[in-house]
Every structure is written in structure tokens, then in C-alpha cells.
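Visitor:
Number of protein chains: 2
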Amino acid sequence: MLGRVLNTHQQWLCQQLADRGLVVKRQVAVPDTGLDIQQAVREALGRADLILVTGGLGPTSDDLTRDLVAQLLNRQLKLDASILAGLRQFFADRGRTMPEATAVQAQVPEGATVLPNAFGTAPGLAIEVEPNPFRTGAGPSWLFMLPGPPRELRPMFLKQVAPWLPRIFPGNHQYACRTFKTTGVGESILQEKIAGPLQDLVERGLDLGYCARVSEVEVRLSASGAAAKELVGEAESRTRNLLGPCVFSQEDETLEAVVAGLLAKQGKTLVVAESCTGGYISHRLTNIPGASRFLMAGLVTYSNESKRQLLGVPEATLETEGAVSAATAAAMAEGARERHRVDVAISVTGIAGPSGGTSEKPVGTVFMALASAGKTIVERHLNRLERESFKQAAAQQALDLLRRHLLGLIP
Amino acid sequence: MLGRVLNTHQQWLCQQLADRGLVVKRQVAVPDTGLDIQQAVREALGRADLILVTGGLGPTSDDLTRDLVAQLLNRQLKLDASILAGLRQFFADRGRTMPEATAVQAQVPEGATVLPNAFGTAPGLAIEVEPNPFRTGAGPSWLFMLPGPPRELRPMFLKQVAPWLPRIFPGNHQYACRTFKTTGVGESILQEKIAGPLQDLVERGLDLGYCARVSEVEVRLSASGAAAKELVGEAESRTRNLLGPCVFSQEDETLEAVVAGLLAKQGKTLVVAESCTGGYISHRLTNIPGASRFLMAGLVTYSNESKRQLLGVPEATLETEGAVSAATAAAMAEGARERHRVDVAISVTGIAGPSGGTSEKPVGTVFMALASAGKTIVERHLNRLERESFKQAAAQQALDLLRRHLLGLIP
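From first to last, the protein sequence lines stand for chains A and B. Under my numbering, think of the first position of the first sequence as 1, with each following residue one higher. Under my numbering, think of the first position of the second sequence as 1001, with each following residue one higher.
1. Please compile the residues from chain B whose C-beta is within a distance smaller than 8 Å of the C-beta of Pro170(A).
2. Leaving out five residues before and five after Ala1048(B) in sequence, what residues of the same chain have Cβ atoms less than 8 Å from its Cβ?
3. Does the stretch 401-408 of chain A touch the stretch 210-226 of chain A, meaning 3 or more C-beta pairs lie closer than 8 Å?
4. Identify whether Lys1078(B) lies in helix, strand or coil by the three-state DSSP scheme.
5. Taking Ala1394(B) and Thr1277(B) to be in contact with their CB atoms under 8 Å, please state how far apart those CB atoms are, rounded to whole angstroms.
6. Who are the near neighbours of Glu1236(B) in its chain, counting only those whose CB is closer than 7 Å to its CB and skipping five residues on each side?
7. Is there a Cβ of chain B sitting closer than 7 Å to that of Ala257(A), yes or no?
8. Taking the alpha-carbon positions, what's the Ser1275(B) to Gln1397(B) distance?
9. Just to confirm, are Val300(A) and Ser1389(B) a CB contact at a threshold of 7 Å?
10. Taking C-beta pairs closer than 8 Å, name the residues in chain A that Lys1025(B) reaches, listed in chain order.
11. Residue range of the alpha helix (DSSP H) that Glu203(A) falls in?
12. Please list, in chain order, all residues of the same chain as Ile288(A) whose beta carbon is under 7 Å from its beta carbon, the five residues on each side excluded.
13. Are Ile1346(B) and Val1324(B) touching if we call contact CB-CB under 7 Å?
14. Determine the chain A residues that contact Pro1354(B) at a beta-carbon separation under 9 Å, and present them in chain order.
15. Taking Cβ to Cβ, would you say Phe367(A) is nearer than 7 Å to Ala329(A)?
16. Please identify the residue among Leu1206(B), Lys1181(B), Ala1228(B), Val1114(B) whose C-alpha is closest to the C-alpha of Pro1245(B).
17. What residues are listed by DSSP as bridge partners for Arg178(A)?
18. Under three-state DSSP, which class holds Met1147(B)?
19. Could you tell me which chain B residues have their CB closer than 7 Å to the CB of Pro149(A), listed as they occur along the chain?
20. Looking only at its chain, what residues have a beta carbon closer than 6 Å to the beta carbon of Leu262(A), apart from the 5 residues adjacent to it on each side?
21. The beta strand (DSSP E) with Ala126(A) in it runs from where to where?
22. Per DSSP, what kind of secondary structure is Leu115(A) in: helix, strand or coil?
23. Enumerated in chain order, which unbroken segments of the alpha helix (DSSP H) with a length of 4 residues or greater are wholly contained in the stretch 1255-1318 of chain B?
24. According to DSSP, what are the bridge partners of Ser185(A)?
25. Helix, strand or coil: how does DSSP classify Ser355(A) here?
26. Quick one: using the 10 Å Cβ neighbour count with 16 as the cut-off for buried, is Ile37(A) buried or exposed?
27. Just checking: is the beta-carbon of Tyr302(A) within a distance shorter than 7 Å of some beta-carbon in chain B?
28. If contacts are defined as beta-carbon pairs under 8 Å, then Val1108(B) and Asp1080(B) qualify, I think. What distance do you get, rounded to the angstrom?
29. Where do the ends of the alpha helix (DSSP H) carrying Gly335(A) lie?
30. Would you identify the three-state DSSP class for Ser389(A), choosing helix, strand or coil?
31. Regarding Asp1036(B) and the ligand ADP, is the C-beta to nearest heavy atom distance less than 6 Å?
32. Starting from the N-terminal side, write out each stretch of the beta strand (DSSP E) that is 3 residues or longer and does not extend beyond the stretch 1079-1110 of chain B.
33. How many angstroms separate the CA atom of Glu1203(B) from the CA atom of Ile1189(B)?
34. Using a Cβ-Cβ cutoff of less than 6 Å, which residues in the same chain neighbour Glu152(A) once the five nearest sequence positions on both sides are dropped?
35. Do Arg20(A) and Leu165(A) have their CB atoms nearer than 7 Å?
36. Using beta-carbon positions only, say whether Leu1146(B) and Gly1111(B) come within less than 7 Å of one another.
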């Protein structure tokens, strides 16, 4: 509430719930003070079947949620010996003694179910509020208390909360949803391609949504009711035909996961040579478990000297064509491929800005190359974006060049 | 509410208000339906002096805010001729005819003040709700309706809303705040260090907050009222002494920005040799404009072969000590430094998981080294985190090793 942290929970949880056919009716954030937290939880209990509370389960004095909820529901807190033992073990595994303040995380309100936290010390808690004193005559409400850090919250939601949803919302099975992740085509062009041909389905209840990110647009087809499956199925097959190879995943995979899968399947090895993307492509690929099977090396050649030394880019090319040029990009990829004896190498060189542009090569200009047996392809793009988004866009374009190559889509 | 768009309004508006000494007590998001919007506005009028409503002022059928608020406050909507003329002009300037639906944006509730929109068609509206039927006896509430797109909302807030704040909150100029960004020390240990020594200030009104991220904890000291500056000033000097060198910034900088600043100031050059972090350290450093002045190269040596070829790690070291070992980390940093003739080189090698651990070196084990003139330092850490957080933590530890070296904090 002080603007120090961007709240990403709302989007993530809303999307997870929407994917399961549940539309969130209200999202509330309050400061870390007892009165505000208790008031928000009381109001939520007064109107909702399912309430997800995030944060405030840690060991410090501003972590108040557990106490306040127990108080509100008039339930005793009891020390759970097995949680406490787990906490001591957590610290022992790290060669440290548990700070005494941490013990508060082993307090559990009467009747609550403990949700183990595989990625942190604060366990989650689930409480069936029945009877619900704040909403008499409306059946039980379910209250989940989840840890605030996204790396703890997300796996806990997926593994410990999602499986309960069919029990809490038993009538919610007539819902269908398919998503297409695309790259290389803008949102309005995607819309022009599919909105007309899907119009009759939209009139029958299909919901057609778009979500644009940096160099990536997601198309989402969904419907509820008896005809949901049929509507979404028909829309899916039309959309697949209309969009073709700009769709890189229908399984909610990242582009790097798709590329990693193709490399692994084809048994090909890769080297990445990056200038302006500064290691971001290697970083994305090494987020995929098993990347060591295909990624032999990444070279971040940020200086001319390193382009010569590590990739063998000729001095003459750097001088006459410049470090940001088609010739340098090609020489980088070819040098990387030869020196490391791999099947494929990709390279990126460009002007991330904010300074360094010219009228011929303005800030945002990027060249990328792909070298494979007997052939090198070069592409030029212009990404007029601030520095970090520029890096994201260029990395996305280079990974997509590799994807299209591996799929045989490049003539 | 479907998770398609990340809500950045909350953070931005909260920060703007916090900078002016106003702490937001509640942030609410609801779906675009009449009942939800009206209920949320009615509740807000029941508890707040200032309410900012964003979105729902556009020309389409799901833009309901203007109508619903007028209805709720029992005020007539009247067509404002000068807004309508402005709208026609907006489209004429762009060579287009105004779509008829846009005219709805010229509707103004009785008694509302129009806030011109320099970056879009929807004007904002300010209403002094006096008397406030939802909070009798509590003085007026101020309701601002602002456009949803950030590029329209932000300038409108700064130019048209911020100047009203001193009038709405006349007593509110006494607020002070300082933040410390720390790394290498956990949240509960930080609290043990400072909570006791600051207790007397907390009793006098100091607010002490913590925000934990991966390998980074922010400590925030703030206070309101006549003694705010004195309280926060005293707390700041005590905290600085108590925390010492684990504080890397008091200016809200990232760790990579701090390290980049030190390298630039000292005129030192750097090479980064990464195994398990896979390019993430280079990526972070190259997010800083001007990184090319100090970062000569980044080597992502994901295979044993590339550790030999690019860094000269001896075959014998890899065989007897293993790729994840103190000896390999040291050889990586020393090889990188010598081959690129730089002042400093850092290296990281570890087991990101999910597989690959042993009892002696479990998943999460990471070795890092820093080679400088005549000296190599090696550190070992254990980060039991999922793959991406593991990479973040290891990168943070390596950047902090570099920071401490550059500050002369390593004996």
C-alpha cells in the first residue's frame, strides 16, 4: 500500500481461477494493520464462497493475518509440533539455529488444515467456515491463507488450493478454455485475422480475449454452459488454421521451453552469441531443466574485443560494417558455431539505447543471425522500446528464429 | 479480473500518495458490472475522505462508471457542450469523424468538476460529496473518476488531482520515510538486529516495515506527525550502524546498479563466467545503461567442454573435484580474468536442480569465486529454492561478493 511492491498476485490468481471457470468478484488490498485486515476478511466472509488471503504469515511483527483470522473466527491458536519440528529442520538443513520469532509460524487455528510450504517456512492454512457468522443461511465459506512471496504462493495454489476447487464449486464443470501463444504478429493484426471468421461463434457465446506482452500475444477462447466444449472446439480448429505458424504453444509453454523441447527432440546442440541482449537468451534457455543437454555455451560479447577474441569476428567487418550490422551478426553466429562445433548457433547485436543510435541505425535496431550446416540466415528488426523491453523483444525474436528453423519453416 | 492485464495502478497511485504522506487504506478491484462497481463506490464513500476511481469512462458498453456514480449520488447527467466540441476536435485533428458512441464522454454529473485529459478522449471528473449520505456526520468525501489507461491516468493524477490534495488533507505535510535495501541477511535476523534498539522509537510512533524478496530484504522506516522527521532521522542513523555493510542501497537502487556504479567510478573492467546462473548475472548487469564501459565479456560455460575451452579450467580439476567445486569456481574466475585481461572476474557454478544433487553437494549448492590482482576468493552457499529462484539467489550472492570486494570489505 506504499507503492514499494507491484502486486502480481491479483493477475496470477485471477487467471488461474478464470482458467478453471471461476470469475473473481472482488480483489482487495489493505495495509498491514490489524483493523484493516480484520475488516477486509470480515467483509469477504460476508459475501464470498471462497476467499484467498495472501501474505502476513511470516515471522515478523507486521505478520498479523494468522492471529487476526483466529480472533475473528473465535478459534484458539495451537502450537503444531510437527510444523515446529519442520521449521527447526529447515534451519538445521541450512546450518543455522531457528530464530525464536519463527516459532509463531507453527501456530494453527483450531480446525484449520495445514498446507505445507515446499519453498519457505510459512505453511498455508485452509479453514471451512461453517457456520459462517457473517453470512447466515448461505452455506459454508472457505478461507485459504497463503504466503505472500510469489515463489511460495504459486506452487501452493497449484498443488494445495486448486485440487479443492471442484469440492467448493461442484456445479462448475461446464467451462471450456483454450489459449494460443503467438509471437511475431501484433494484437490488432491477430484480431483482424480471427475476429470475422469467429463472429458466429461469438454470437453463440464464445468469449474471445487477447493479452499482449512484449513480442508475444495470447489469444484466449472460452465459453461456459452446455455448448462450451463444442463452441471452444470449433473455435480452436478455425483459429489454428487462421493463425498458422505464429502460434508457438497451445500448452501455455514459454517460447524457450518450446525451443528447448525441439532441440532435445532433434538431438541438436546450440551456442548463443549475444551482444545487446547481454545474456538474456542464455538465461531464458537455462531456466529450462536439462538445458545442459543442448546448450554448449553462451558468449556475451559486449565489447568489440570480445567479438574478435571469442567469436573471431574479423576486425575489418567491425570497422567497415560496424558492430551492429548484418555482417557482424552473421560472423558472430558462424564463429560461434565453428569454434564450438555445434549444430546451430544464434547471435544478436543491436542498439538497446538510451543512446548510441544514428539516423541509419536508430536506437532499437537489432540484427540477428542463425548459422547451421552450410547456411546462415540474418534478420533485422526495429524495437522502439525502453532498454529492458528491447532486450526482451530481441531475445524473443531470436528464439523465434531458432524455433522456425528447427520446425523447417524457413525456406 | 480475468488475469489478462497486470494492474499497475495500485502501485503507482499508492507510491504517489505515500510520497505526499498519504497512506492508502484500501485498494479494490471489481469486474465491469453495474452492481459490483456501485457497491464498491458506495462502500468507499462510507469510509474514506478521498476516493480515486479508475477506468470505465470510455465510450463502449462496458464503460459504466460515470452513469453508475451519477445514479448513486442522485445527480443528473448533463451534456457539456465544451467537452463535446473538444471531442469533435480531437477526432478532426486526426482526420476522423467522431464515432457517435464517444459523445457519452461529454456527459457530466451535476456539480462535478471536469478534469481535461491531455492524452485521450475521456475527461476525468471530480465531485465533492457533501453531504455524504453514506457517511453521515463525517465531513465531505472527494470522489475522483480517472481514465484507465496509464498514459492518461498518470499525467491527470499529477496535474489535476495532486494539486487538490493539500485542500482535502490540510493537516498532512508532516511525513518522513527512509528505506534500506539489504542482502545476505534473512528477514528474521534483520529484525533481531534492529527491533530491540528501535523499540523506543516505535513506541513514539515510528513505523518499521520489512519486505522480503529473493536474497533481498527491504527495511522501511516511516512516521507521520510533528516528530516525523526527528523520529525517522534518529531511526535511520541507528539502523545504519546496526546493519552495516549488508545495506547495499538507501536510494532504491538495484544491486546490479550499485555494482555498476562502483565499477564505473573505480574504472575497473569485469568478466563474468557463469555456469548454473546461465547468463542471468550478465543480463542483470547489461540492464544498466553504459554497461559496455565495464563489462568486457560474459561466458556462459554450461558444459565441461566450454569450461575448458573458454576458461582454461584444467581437465584434472573437473575430473577430481567436479564441475561444482571450489577449485572449479576459482579456476573459472582466474581463467576469465587472465584471458580477457580485466581487473576483476567473477564465476558461479552450482546445482540448480531439480536433479543432479548428491549427499555431499545437494541440489542448491553453489560455489562462486572472485579473482582480482594476486588474489582469488571462493564462497560456498546453499540455496534450497526452485530453479529460477535458485538462479536469482546465486546471482545476487555473486553480485554482492563483487560489491563487497569493490568496497574493500573483504579482508
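No residue lacks a Cβ here, since even glycine has one placed at the ideal position from N, Cα and C.
Guide: According to the structure shown:
1. Result: empty, since nearest Cβ-Cβ is about 22 Å, beyond 8 Å.
2. Lys1025, Arg1026, Ser1141
3. no
4. strand
5. 5 Å
6. Arg1178, Leu1221
7. no
8. 14 Å
9. no
10. Met1, Val30, Pro31, Asp36
11. 199-203
12. Glu256, Ala257, Ala260
13. no
14. Pro289
15. yes
16. Lys1181(B)
17. Leu221(A)
18. Reading off the sequence, residue 1147(B) comes out as Pro, not Met. DSSP places Pro1147(B) in coil when its eight states are reduced to three.
19. Ala1212
20. Leu406
21. 124-129
22. strand
23. 1255-1266, 1280-1286, 1304-1311
24. Note on identity: in this sequence residue 185(A) is Val, with Ser being the wrong assignment. None; Val185(A) has no bridge partner.
25. coil
26. buried
27. yes
28. 5 Å
29. 326-340
30. helix
31. Ligands in the displayed structure: none, and consequently the ligand ADP is not present.
32. 1107-1109
33. 21 Å
34. Asn117, Phe119, Gly120
35. yes
36. no
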